[in-house]
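These notes concern the structure reproduced below.
In full-length UniProt numbering, the protein residues as written are 1 to 221.
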C-alpha cells in the first residue's frame, strides 16, 4: 500500500550518490519504524508521520556513509542487525515484522526496541526545550541501558538538534509549550488544554500551526 510513497521519497535522493535500490530499502526501514511508533492520539495523519520517518531514515543513511561524528560501535552494529532482520523478514514473509517479533529476535524489551527506533525519527521534539545540551560520546547510553523502560530517548545527531532547536526557537511561547506537552510529555490535547488554561480546540489549532511552521522552517534549512 505504501510502496509508491517509499519509492517516491527515495527518488528525491537519487543524486545522493547512493544506489536508488539501497535508498528504497532504507526507506522501508523508516516505514516499519512509523508503523511501530505511530500514535494516532497525537493528531498527526499516518501518511505525514511516515513521510517524516522515511525521509529521515534515508537522510541518516546518506549521512552515515560520510560519517564525521563518532557513533558508538555497539549502536551502529545493533542498528545494522535490526535493519538486516527487517529486510530479511519482509522478503521471507511479504510483510513487516511486528515490534514484538523484533523484540523476540534480539532478546530485548519492546521498550528498548522503541528507544532504538525513536533515535531515527525524522522529527524528534523530545529535547528541543532543554538548553545547553552537550553532544559527545558520553551522551550515548551504555548498551545495557537499552533494556530499561525508563531510559530517555537517544539523542539526535548534532546537525538535527541544531536545525530543530533553531526552528523551535522561532515559535511563539505558547506554541512551544503546546509542542512540549504533546510530544515530550505525551499528554493528550485535552490534558494540555487544562495545563495551559485554554480550550482543547485552541490547543489543536496551535499544534497544527506550530507543526506547519516547524516543517517550513526545517525545509528552509
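Yeah, the Cβ is synthetic: ideal placement off N, Cα and C, and Gly gets one too.
Under the three-state reduction of DSSP output, residue 109 falls in the coil class, being neither helix nor strand. The C-alpha of residue 203 is placed about 35 Å away from the C-alpha of residue 26.
In the DSSP assignment, residue 39 falls outside any alpha helix (DSSP H) and carries neither an H nor an E.
Considering only 53, 176, 215, the residue with the shortest C-alpha distance to residue 9 is 53.
Looking at the backbone, the Cα of residue 166 and that of residue 215 are separated by about 12 Å. Here residue 205 is exposed, its C-beta having fewer than 16 other C-beta atoms within 10 Å. Three or more Cβ pairs drawn from the segment 79-88 and the segment 26-41 lie within less than 8 Å of each other, which places the two stretches in contact. Residue 97 sits buried, since 16 or more C-beta atoms from the chains shown fall within 10 Å of its C-beta.
With respect to the C-alpha of residue 181, the residue from 201, 171, 207 having the closest C-alpha is 207. For residue 99, same chain residues with a beta-carbon under 8 Å away, outside a window of 5 residues either side, are 36, 110, 113, 114 in chain order. Excluding sequence positions up to five before and after residue 91, its CB lies less than 7 Å from no other CB in the same chain. Of the residues 175, 190, 174, 16, the one whose Cα lies closest to the Cα of residue 64 is 16. For residue 173, the enclosing alpha helix (DSSP H) covers residues 173-179.
Counting C-beta atoms within 10 angstroms of its own C-beta, residue 61 has 16 or more neighbours from the protein chains shown and is therefore classed as buried.
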